[in-house]
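In this note's numbering, the protein residues as written are 10 to 133. Scroll down for the structure; my scribbles are underneath it.
Take a look at the structure:
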């Protein structure tokens, strides 16, 4: 069954939102395209929060903080958890993962970001 890695990213404090978005959408996206076959993911999507009052209203209605909203979310899909583990466990996969970590360190604040593997369950 397919699995997805969800990465909720916040930018390094010295970067502006524009600098984060520029690097993420160009340099990091290029690296993801380069490493796709080694890492074995079948889909990669970047999502950027919209600058809309709807976000503030949604958060306020639920008592959520918007003090440090995420700068973006990455989603990567694999056909199975076994495929994900196999890709990251191979020597080439380990090297590719190391390259990703080095690249992410240039623009992502790891201490305020989150990542987790999920399995979607369609409700509607």
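Note that beta-carbon positions come from the ideal geometry of N, C-alpha and C, so glycine has one too.
- Between the beta-carbon of residue 47 and that of residue 114 there is about 19 Å, and that puts the pair past the 8 Å contact cut.
- The C-alpha of residue 50 lies about 5 Å from the C-alpha of residue 86.
- If one requires a minimum length of 3 residues, the beta strand (DSSP E) runs lying completely within the region 37 to 92 are 52 to 56 and 81 to 87, in chain order.
- Membership of residue 106 in the alpha helix (DSSP H) is indicated by the continuous run 100 to 113.
- Considering only 93, 19 and 107, the residue with the shortest C-alpha distance to residue 11 is 93.
- In terms of Cα proximity to residue 29, the closest of 107, 116 and 120 is 116.
- Ranked by Cα distance from residue 102, the options 44, 23, 18 and 20 are led by 44.
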